[in-house]
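S.K.: Chains as they are written, first to last, in my numbering: chain A, 295 to 408; chain B, 2 to 116. Don't be surprised by glycine CBs; every beta carbon is placed ideally from N, CA and C.
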Amino acid sequence: AQSVAQPEDQVNVAEGNPLTVKCTYSVSGNPYLFWYVQYPNRGLQFLLKYITGDNLVKGSYGFEAEFNKSQTSFHLKKPSALVSDSALYFCAVRGATGGFKTIFGAGTRLFVKA
Amino acid sequence: GAGVSQTPSNKVTEKGKYVELRCDPISGHTALYWYRQSLGQGPEFLIYFQGTGAADDSGLPNDRFFAVRPEGSVSTLKIQRTERGDSAVYLCASSLTGGLADTQYFGPGTRLTVL
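What follows is the structure, given as structure tokens:
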């Protein structure tokens, strides 16, 4: 069965510091991995995805994510956090054997302090 | 261009009533998804449409939940005999083709409250 784990409910970081939001997954076959961000009272916004190829994926708003097959991880990163990055972040996975289901993690709340 | 829209934005109903939630996908997107998001949780898959047909409805929790997409565009999620446990935000998403690598674009959601 497919699954996603976001081990941290909350991440706190000071503005200007690098940030990492962790995600690990379990899927049969090749994974298709996604990161979404959710701001208050708004829908989920797509940040980036990994399909194949380079393990470092670059996305919107300066975010990037590193795919690590041996550790089954897809951590979200940003070199320099902004206060406006404070939001709820979701990791998601799809796999060939999971049909059309997208499995989302429980989310990680990011607080960036000025 | 216009994104995914959902109506109503909020719906308050009484236990046992029937509700309909509407989703307008991005024009030209053949795939449409419904999710349910409870407080403090990630979105939970309910159903996936490819065109007019439900290609995967394995996430519908029981037979009180039903969804249609008769013309391959707008979709309606229908909930009969609502229960307090149905209270959640219902999210709709669409994507261009429905392929595994496809990006899903989400609407703002409908917040359903069952009293």
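(1) Is the shortest distance between the beta-carbon of A:A295 and the beta-carbons of chain B less than 8 Å?
(2) Quick one: which chain B residues come within Cβ less than 9 Å of A:G393?
(3) For A:V406, I'd like the list of residues in its chain whose CB is within less than 7 Å of its CB, leaving aside the five on either flank, ordered along the chain.
(4) Taking A:H369 as part of the beta strand (DSSP E), name the residues at either end of that continuous run.
(5) Helix, strand or coil, according to DSSP, for A:D303 in the structure here?
(6) Using a C-beta to C-beta distance shorter than 9 Å, which residues of chain A count as neighbours of B:P62?
(7) Bridge partners of A:I397, per DSSP?
(8) Comparing alpha-carbon positions, which option in A:T318, A:L313, A:E302 lies nearest A:P373?
(9) So, with DSSP's three-state summary, where would you put A:Y310?
(10) Would you mind telling me which residues of chain A sit closer than 8 Å to B:F67, beta carbon to beta carbon, in chain order?
(11) Candidates A:Q300, A:Q296, A:A295: which alpha carbon is nearest A:G401's?
(12) Quick check: is the beta carbon of A:G399 nearer than 8 Å to any beta carbon in chain B?
(13) With DSSP as the reference, label B:D1 as helix, strand or coil.
(14) If you follow the beta strand (DSSP E) that B:A55 is part of, which residue opens it and which one closes it?
(15) With DSSP as the reference, label A:S364 as helix, strand or coil.
(16) Establish whether the CB of B:Q105 and some CB of chain A are separated by less than 8 Å.
M.R.: So, from the listed chains and residues:
(1) Along the first sequence, read from residue 1 onward, the residue named residue 295 of chain A stands at position 1. Answer no: the Cβ-Cβ gap between A:A295 and chain B never drops below 8 Å.
(2) Along the first sequence, one-based indexing puts residue 393 of chain A at 99. Ordered by position in chain B, the residues that pass the 9 Å Cβ test against A:G393 are Y49, A56, D57, S59.
(3) Taking the first sequence and counting its residues from 1, the one referred to as residue 406 of chain A is at position 112. Within the same chain, V307, E309, A375, L376, V377, D379, S380 come within 7 Å of A:V406 by CB-CB distance, once the 5 residues on both sides are set aside.
(4) Your numbering for residue 369 of chain A matches position 75 in the first sequence. Per DSSP, A:H369 belongs to the beta strand (DSSP E) from 367-372.
(5) Here residue 303 of chain A refers to the residue found at position 9 of the first sequence. Here A:D303 carries a coil assignment [DSSP, helix/strand/coil].
(6) Residue 62 of chain B sits at position 61 when you count from the first residue of the second sequence. For B:P62, none of the residues of chain A pass the 9 Å Cβ criterion, the least Cβ distance being about 14 Å.
(7) Counted from its first residue, the first sequence places residue 397 of chain A at position 103. Looking at the DSSP assignment, A:I397 forms a beta bridge with A:V387.
(8) Within the first sequence, the letter at position 79 stands for residue 373 of chain A. Considering only alpha carbons, the answer is A:L313.
(9) Taking the first sequence and counting its residues from 1, the one referred to as residue 310 of chain A is at position 16. It should be pointed out that residue 310 of chain A corresponds to Gly in this sequence rather than to Tyr. If DSSP states are grouped into helix, strand and coil, A:G310 belongs with coil.
(10) For the purposes of this step, residue 67 of chain B is taken as the residue at position 66 of the second sequence. The premise fails here: B:F67 is roughly 18 Å from chain A at the closest Cβ pair, so nothing lies under 8 Å.
(11) Looking up residue 401 of chain A in the first sequence gives position 107. When each option's Cα is compared against that of A:G401, the closest is A:Q300.
(12) Within the first sequence, residue 399 of chain A is the residue found at index 105, counting from 1. Yes, its Cβ sits closer than 8 Å to a Cβ of chain B.
(13) A question about residue 1 of chain B goes unanswered here, because the residues of chain B that appear run from 2 up to 116.
(14) Along the second sequence, one-based indexing puts residue 55 of chain B at 54. Here the beta strand (DSSP E) through B:A55 covers 54-57.
(15) Locating residue 364 of chain A in the first sequence gives position 70, where the first residue counts as 1. The answer is coil: DSSP assigns A:S364 none of H, G, I, E or B.
(16) Taking the first residue of the second sequence as position 1, residue 105 of chain B is located at position 104. At least one beta carbon of chain A lies nearer than 8 Å to the beta carbon of B:Q105.
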